[in-house]
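*Asks:* Have a look at this one before I ask anything.
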Amino acid sequence: MRKYFLSCITQRANSNLKMRNLRAGDKILYTGKLYTARDQAHKRLVDAIKKDKKLPIDLKSAVIYYCGPTNTPKDKVIGSCGPTTSSRMDSFTPLLLKNGLKAMIGKGGRSKDVIAALKKYRAVYFLTYAGCGALLANYVKNKKLICYPDLGPEAIYELTVKDFPLIVGIDSKGRSIYDSF
Amino acid sequence: MEANFKLRPDVFQALKTAYKKEKSRRAKDIIRAIIYNADIAKRECLAICQDTGLPVIFIELGQDVQIIGGFLGEAINKGVQSGYKQAYLRNSIICDPIKRGKPGFMPAVIHYELVPGKNLKLTVLPKGFGCENKAQVKMFKPTIDLQQIKRFIVDVVKNAGPDACPPFVVGVGIGGTQDYACLLAKKALLRPLAPPHPWPSPHRGEGRGEGEYRIRVLEQDLLKAINRLNIGPMGLGGRTTALAVNIETYPTHIAGLPVCVNISCHALRNAQTVI
Numbered sequence: 071m072r073k074y075f076l077s078c079i080t081q082r083a084n085s086n087l088k089m090r091n092l093r094a095g096d097k098i099l100y101t102g103k104l105y106t107a108r109d110q111a112h113k114r115l116v117d118a119i120k121k122d123k124k125l126p127i128d129l130k131s132a133v134i135y136y137c138g139p140t141n142t143p144k145d146k147v148i149g150s151c152g153p154t155t156s157s158r159m160d161s162f163t164p165l166l167l168k169n170g171l172k173a174m175i176g177k178g179g180r181s182k183d184v185i186a187a188l189k190k191y192r193a194v195y196f197l198t199y200a201g202c203g204a205l206l207a208n209y210v211k212n213k214k215l216i217c218y219p220d221l222g223p224e225a226i227y228e229l230t231v232k233d234f235p236l237i238v239g240i241d242s243k244g245r246s247i248y249d250s251f
Numbered sequence: 002m003e004a005n006f007k008l009r010p011d012v013f014q015a016l017k018t019a020y021k022k023e024k025s026r027r028a029k030d031i032i033r034a035i036i037y038n039a040d041i042a043k044r045e046c047l048a049i050c051q052d053t054g055l056p057v058i059f060i061e062l063g064q065d066v067q068i069i070g071g072f073l074g075e076a077i078n079k080g081v082q083s084g085y086k087q088a089y090l091r092n093s094i095i096c097d098p099i100k101r102g103k104p105g106f107m108p109a110v111i112h113y114e115l116v117p118g119k120n121l122k123l124t125v126l127p128k129g130f131g132c133e134n135k136a137q138v139k140m141f142k143p144t145i146d147l148q149q150i151k152r153f154i155v156d157v158v159k160n161a162g163p164d165a166c167p168p169f170v171v172g173v174g175i176g177g178t179q180d181y182a183c184l185l186a187k188k189a190l191l192r193p194l195a196p197p198h199p200w201p202s203p204h205r206g207e208g209r210g211e212g213e214y215r216i217r218v219l220e221q222d223l224l225k226a227i228n229r230l231n232i233g234p235m236g237l238g239g240r241t242t243a244l245a246v247n248i249e250t251y252p253t254h255i256a257g258l259p260v261c262v263n264i265s266c267h268a269l270r271n272a273q274t275v276i
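Which chain is which? The protein sequence lines are A and B, in order. Residue numbers for the first sequence, in the working numbering: 71 to 251. Residue numbers for the second sequence, in the working numbering: 2 to 276.
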């Protein structure tokens, strides 16, 4: 399986990845840590920032993955865990970027405001295989609950991933993969 | 459970055909990942997609069937809950749509239909919301020409774009009332993709043969138009924006023409049982 995906991947990367060197359309295999967060978790993070409360995760250089995994089968690290639609998080994203968020992983396009914020804060928006949660589960090596357990699948988890396949959707210069064809 | 682990065989086949048709390396790569994902899901009993959907359940109850020992709806919801729990699927259902709160496994959305006979047919369609969010309904004027309906359908797909996980299966309901057109659009997704599709529907009445033919041509026209959008797998360009367009129709009122488009992502799965 790995072998196949490698055939079209241009580089490997870990958490020291330099965002400004990436171009829309680049494919990478990412090894490192991700935080899952989607609708309700975003709302709470942004509320906390607005109220000057301490955040449950350190946003500095963090990578957020828009994902709400299924429940975890007994013998597995994680259940099915593909990306969810990113545009639902658009209204929350600029504030998170302002607070240090380095990258996001999701599916689909982003708003103009998000693209402007990506440029301003030199951050990157990645895509990963949409609707392929079972496949992506194989790249997750560890899962740890960080906060908001009352949100169920929408809680924030820390995932440790190895060779997680990503495509740069929008780079730090605001170039979008969707404009390239 | 079965519905969440196994991609429908006709969808699987359609993806394989699409793989051959695609020219670009990226589109091929994505379709291959989708096919591979379906394999892994089946083999490892993992959900095809982490969005295990809001289960939409279609019950066709034969009128000679008598159900004893409890309420059918309750039994279904209990079944959904225990199936989803056992299979480690996702609890994605919020009981209070406004206040939100902690997600659970039920209730499902259940459509009952009384039919002749003494069987009970149950179909489960776990509908993900990435694509469900992109559904649209429009009440056209009765004097509208077909071109405008076509444009509306293609526009809904265009608007769904990369967000709803293309390649899609596009379900269209034409006729009936506003709510009924929506139900038809959803039911259209259940129909097998490969032509020839199993018309005639019992409501088409006279001129059935010609009507059926027209709908089939319309489906093919729309599929061509949609695949010219160059949205492609994951919205990254390509020839396969939709695997199929399925249209269901029903008689309507002289004053109107409801059209509903309900999109399904490539992870179209449903399971059926007859008791």
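Don't be surprised by glycine CBs; every beta carbon is placed ideally from N, CA and C. Predicted, not measured: the structure shown is a model, and the values here were computed from it.
(1) In the DSSP assignment, find the beta strand (DSSP E) that holds B/Pro127 and state where it starts and stops.
(2) Assess contact between the segment 24-34 of chain B and the segment 237-246 of chain B, defined as three or more Cβ pairs (one per stretch) separated by less than 8 angstroms. Is contact present?
(3) Checking the sheet assignment: what are the DSSP bridge partners for B/Phe169?
(4) Is the CB of A/Lys177 under 8 angstroms away from at least one CB in chain B?
(5) Beta-carbon of A/Asp220 versus every beta-carbon of chain B: anything under 8 angstroms?
(6) Spatial neighbours of A/Pro143 within its chain, please: C-beta separation below 8 angstroms, excluding the five flanking residues on both sides.
(7) For the alpha helix (DSSP H) that B/His112 lies in, which residues bound it at each end?
(8) Between A/Lys243, A/Tyr191, A/Thr163 and A/Thr106, which has its C-alpha nearest A/Asp117's C-alpha?
(9) Provide the residue(s) that pair with B/Pro56 in DSSP beta bridges, ordered along the chain.
(10) Given a cut-off of 8 angstroms on the beta-carbon distance, is the pair B/Lys122 and B/Glu61 in contact?
(11) Cβ of B/Ala4 within 8 angstroms of Cβ of B/Asn263?
(12) Can you name the residues of chain B whose CB is closer than 7 angstroms to the CB of A/Gly152?
(13) Would you list the one or two residues that DSSP bridges to B/Arg27?
(14) Output, in chain order, the set of chain A residues within a Cβ distance shorter than 9 angstroms of B/Lys103.
(15) With DSSP run on the structure shown, which of helix, strand or coil describes B/Ile69?
(16) DSSP state of B/Leu258, grouped into three classes?
(17) When you compare each of B/Leu90, B/Ile255, B/Gly102 and B/Leu190 to B/Cys266 by their alpha carbons, which one comes out closest?
(18) Can you tell me whether DSSP reads B/Ala180 as helix, strand or coil?
(19) Give the interface partners of A/Thr155 over in chain B, defined as CB-CB distance under 8 angstroms, in chain order.
(20) Based on Cα-Cα distance, which residue from A/Thr230, A/Lys182 and A/Cys217 lies nearest to A/Lys124?
(21) Taking only beta-carbon atoms, is B/Arg91 less than 8 angstroms away from chain A?
(22) List the residues of chain C that A/Thr142 touches, going by C-beta distances under 8 angstroms, in chain order.
(23) Per the DSSP calculation, B/Phe141 is bridged to which residue(s)?
(24) Among the candidates A/Lys232, A/Asp241 and A/Pro223, whose CA atom is the shortest distance from the CA of A/Ala107?
(25) Could you tell me whether any Cβ in chain B is nearer than 8 angstroms to the Cβ of A/Ile98?
(26) If distances are taken between C-alpha atoms only, which option among B/Glu114, B/Asn247 and B/Ile255 comes closest to B/Val66?
(27) With a threshold of 6 angstroms on Cβ separation, who are the neighbours of A/Phe234 within its own chain once the five nearest residues in sequence on each side are excluded?
(28) For a cutoff of 8 angstroms on Cβ pairs, would you count A/Val248 as touching chain B?
(29) Strictly under 8 angstroms for the Cβ-Cβ distance: is B/Asn38 near chain A by that measure?
(30) Would you say B/Pro167 and B/Pro234 are within 8 angstroms of each other, going by their C-beta atoms?
(31) If we count the other Cβ atoms within 10 Å of its Cβ and call it buried at 16 or more, is B/Ile68 buried or exposed?
(32) Tell me which residue opens and which closes the alpha helix (DSSP H) that B/Val157 is part of.
(33) With distances taken between CB atoms, is the gap from B/Asp164 to A/Gly178 smaller than 8 angstroms?
(34) With 8 angstroms as the threshold, decide whether the Cβ of A/Ala200 is near any Cβ in chain B.
(35) Going along chain A in order, which residues have a C-beta closer than 7 angstroms to the C-beta of B/Leu237?
(36) Along the alpha helix (DSSP H) that carries B/Phe13, what are the first and last residues, could you check?
*Replies:* Looking at the atomic coordinates:
(1) Element bounds for B/Pro127: Leu121 to Lys128.
(2) With the cut-off at 8 angstroms, the segment 24-34 of chain B and the segment 237-246 of chain B touch.
(3) In DSSP, B/Phe169 forms a bridge with B/Ala243.
(4) For A/Lys177, the answer is yes, since a Cβ of chain B falls inside 8 angstroms of its Cβ.
(5) Chain B contact via Cβ: present.
(6) Exclusion of the five residues before and after A/Pro143 leaves Gly149 as the residues of its chain whose Cβ lies within less than 8 angstroms of its Cβ.
(7) For B/His112, no alpha helix (DSSP H) encloses it; the enclosing beta strand (DSSP E) starts and ends at Val110 to Val116.
(8) Closest by alpha carbon: A/Thr163.
(9) For B/Pro56, the pairing in a beta bridge is given by DSSP as B/Pro127.
(10) The answer is yes: Cβ separation under 8 angstroms.
(11) Going by C-beta atoms, B/Ala4 is not nearer than 8 angstroms to B/Asn263.
(12) Residues of chain B passing the Cβ test: Cys50 and Gln51.
(13) Per DSSP, none; premise fails for B/Arg27.
(14) By Cβ distance, chain A contributes Asp220, Leu221 and Gly222.
(15) In this structure, DSSP gives B/Ile69 a state outside helix and strand, which the three-state scheme calls coil.
(16) When DSSP states are grouped into helix, strand and coil, B/Leu258 belongs to the strand group.
(17) Closest in alpha carbon position to B/Cys266, among B/Leu90, B/Ile255, B/Gly102 and B/Leu190, is B/Leu190.
(18) Looking at the sequence itself, residue 180 of chain B is Asp, so the reference to Ala does not match. Note: B/Asp180 maps to helix in three-state DSSP.
(19) Residues of chain B passing the Cβ test: Gly131, Asn134, Asp164 and Ala165.
(20) Nearest to A/Lys124 by C-alpha distance, out of A/Thr230, A/Lys182 and A/Cys217, is A/Cys217.
(21) Output row for B/Arg91: interface = yes.
(22) The structure shown contains no chain C; the protein chains it does contain are A and B.
(23) Per the DSSP secondary-structure output, B/Phe141 pairs in a beta bridge with B/Leu258.
(24) Put simply, of A/Lys232, A/Asp241 and A/Pro223 the residue whose alpha carbon is nearest the alpha carbon of A/Ala107 is A/Pro223.
(25) Chain B contact via Cβ: absent.
(26) Minimum Cα distance to B/Val66 is reached at B/Glu114.
(27) Close CB contacts of A/Phe234 within its chain, under the 6 angstroms cut and outside five residues either way in sequence, are with Tyr100 and Tyr209 (chain order).
(28) Residue identity check: residue 248 of chain A is Tyr in the sequence provided, not Val. At least one chain B Cβ lies under 8 angstroms of A/Tyr248.
(29) True, the Cβ-Cβ gap to chain A drops below 8 angstroms.
(30) The answer is yes: Cβ separation under 8 angstroms.
(31) Here B/Ile68 is exposed: its Cβ has fewer than 16 other Cβ atoms, across all protein chains shown, within 10 Å.
(32) DSSP places B/Val157 inside the alpha helix (DSSP H), whose first and last residues are Leu147 to Ala161.
(33) Against a cut-off of 8 angstroms, the Cβ pair of A/Gly178 and B/Asp164 comes out as a contact.
(34) Yes, contact with chain B.
(35) Ordered by position in chain A, the residues that pass the 7 angstroms Cβ test against B/Leu237 are Ile247.
(36) Where B/Phe13 is concerned, the enclosing alpha helix (DSSP H) stretches over Pro10 to Lys22.
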